[in-house]
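Here the structure comes first, spelled out in structure tokens, and everything after it is commentary.
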């Protein structure tokens, strides 16, 4: 990073008024490409190579968040295009020695470098004026450069009017656009420009920039204070320098951590780490006491929770990226204690705290009493810290049932697999039950007598109704009809043909409306409800002949026929739900979580039945990561 040079000011003569104060963001604005190396190395490298090889584009598009240097980069680029000294008279990126046009361009007053704010000049008339002027050569510079800031604000007509000129401008004209909303710029404009995405400046680079500027200003600063300002700037050098200006004034010429903390309404980072420790331990009293101390010291409740979420993210990140503790924007407390917590706190706990904070912070910001809302969030966090995860709760439940008098009836037939997969709720019937916890937190005793029942295997949901009732009956083969290319013996086979031949519409209509009356080789009798499409019979006949390569007769019968595949699936699902509700293990789960109900049942596959290996239960944590009353859990 090169040294930033402030704008030169001559010392006022005796009796002359002192020069007006210039804020740091303007006083130390970058003047050449070496200053832009702070966070924008890829763009500088590309422009350097382009200028050295003479591959200079006719238009540039600069995009990035506010304060990363888009307008400043545009001026430096205009200065490089028009660079001229006694020794050098060509475009170059080596701008160490000021040229004839440099000062006027950087101050925005050069006659051949026209800056326009598209937010206030959005219409076609403004663009028409540019189009009429581009044919005239520059007055004194090499190129006439048009810098259009916030270009995404131009109207559609203005963009269309600019397209032709932008694609084939005169040799003496260059365009430089800047925008924070690159997606609002038409692709036809983007395709005619070289695009550069200016990145957010990292907190470490901002700390280094602040230190360099303060040393030139002769102002002392604490490293922790600069780290706070860098984090608050969120990658924007201009925002960071504005905050630094404010901190200098707030601290009467010295930048101290306590003053910056009070100015930004932040909590002490060490105290945030202490609050995190109380939450992890589940110590509600200490967590509330620590929060109240920070609140009385002037910290905003939402900011405290945001800092707590940031530290939770830091701890989680350090579990997988230990080198992340070398970030210069981190305090010593965050670096040391964050690494300790990363080793001792489980990822599931950190994820649960993160999810709860993401929901809690908006609640606090929108609450009438933010302090009270923040305390409620902390109580939930501390309460959830020592609660078991859903899979651990199911495991404990099974152990409790076994300790109270052996495994529930039906568990013995599983050969001990239910304990191995972490949940007995699904093992007794080969599926999985999904339960919803109620708002009543008081569980009933597991020793109460429970009704017992055994589940029966339900036929496959999408099997043919006729084959399910009488599996030994085979469809009759019509004489003198050739064998089809693809066997069709059930509605399921027809649905599979629709899937294989990518006809989802016919598949959906067949499943929803077709009631099978009789099926033979080359002959299909069906019954359709009144709401079925009129063309369904013809479509079935046409597709069957096309896919099986034999002639088919599809007859609309008045007989009621069997259930549709959709109706059969619904009936089978209801049967499985009824059987699951009577299963003793499921009833044990429901008694442990009063008011819960079964949401779904899934049957094991044939391979799992043969191997007698139960699938691991799908466990999904609630949105807040705990099993508090009113949350959703799965077993």
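In the UniProt record's numbering, the protein residues as written are 1 to 635.
Don't be surprised by glycine CBs; every beta carbon is placed ideally from N, CA and C.
All figures in this text were calculated on a predicted structure; none of them were measured in a lab.
- Counting other Cβ atoms within 10 Å of its Cβ, residue 40 reaches 16 or more and is therefore classed as buried.
- Secondary structure in the segment 247-290: no beta strand (DSSP E) run of 3 residues or longer lies completely within the stretch.
- The segment 22-34 and the segment 234-243 touch, with no fewer than 3 CB-CB distances between them shorter than 8 Å.
- Nearest to residue 356 by alpha-carbon distance, out of 170, 376, 369, is 376.
- When DSSP states are grouped into helix, strand and coil, residue 89 belongs to the coil group.
- For residue 554 and residue 517, the gap between their C-alpha atoms comes out near 11 Å.
- Taking 7 Å as the cut-off, the beta carbon of residue 60 is found closer than this to the beta carbon of residue 194.
- Within the DSSP bridge table, the entry for residue 380 names no partner.
- Under the DSSP assignment, residue 516 falls in the beta strand (DSSP E) whose first and last residues are 515-520.
- Straight-line spacing of the CA atoms in residue 485 and residue 520 works out to 15 Å.
- In this structure, the CA atom of residue 84 is about 27 Å from the CA atom of residue 117.
- The Cβ-Cβ distance between residue 178 and residue 149 falls below 7 Å.
- In summary, residue 147 is buried, with 16 or more beta-carbon neighbours lying within 10 Å of its beta-carbon over all protein chains present.
- Counting every other CB atom within 10 Å of its CB across the protein chains shown gives residue 133 a total below 16, marking it as exposed.
- Contact annotation, residue 273 with residue 228: C-beta distance approximately 15 Å; criterion of less than 8 Å not satisfied.
- Taking C-alpha positions only, residue 200 is separated from residue 73 by approximately 14 Å.
- Nearest in C-alpha terms to residue 248, of all of 175, 324, 500, 219, is 219.
- The beta-bridge partner set that DSSP reports for residue 61 consists of 177, 195.
- Around the beta-carbon of residue 585, 16 or more other beta-carbon atoms lie within 10 Å, marking it buried.
- In this structure, residue 278 places its C-beta atom within 7 Å of the C-beta atom of residue 287.
- Runs of the alpha helix (DSSP H) lying entirely within the segment 319-362 and spanning at least 4 residues, in chain order: 332-344.
- Annotation: residue 491 to residue 565 spans about 8 Å, alpha carbon to alpha carbon.
- The count of Cβ pairs closer than 8 Å, one atom from the segment 159-175 and one from the segment 113-132, reaches three, so the stretches are in contact.
- Here the alpha carbons of residue 184 and residue 153 stand approximately 8 Å from one another.
- Residue pairing of residue 551 in beta bridges, as defined by DSSP: absent, with no partner found.
- For residue 149, the enclosing beta strand (DSSP E) stretches over residues 144-149.
- If the five residues before and after residue 382 are omitted, its C-beta is found closer than 6 Å to the C-beta atoms of 279, 282, 284, 287, all from its own chain and listed in chain order.
- Only residues of its own chain outside the window of five on either side were considered, and among them 515, 516, 517, 526, 527 have a CB closer than 7 Å to the CB of residue 561, listed in chain order.
- Distance from the CA of residue 592 to the CA of residue 349, rounded to the nearest whole angstrom, comes to 23 Å.
- Counted as a single uninterrupted DSSP element, the alpha helix (DSSP H) harbouring residue 44 occupies residues 41-53.
- Across the structure, residue 175 and residue 58 are spaced so that their CA atoms are roughly 6 Å apart.
- Residue state for residue 602 is assigned as coil, using DSSP reduced to three classes.
- By the Cβ test, the segment 337-348 is in contact with the segment 303-320, since at least three Cβ pairs between them sit closer than 8 Å.
- Per DSSP, residue 36 is not a residue of any beta strand (DSSP E), being assigned neither H nor E.
- Rounded to whole angstroms, the Cβ separation of residue 243 and residue 232 is 6 Å, and the two are in contact under 8 Å.
- Judged by DSSP secondary structure, residue 114 falls within the beta strand (DSSP E) whose first and last residues are 113-117.
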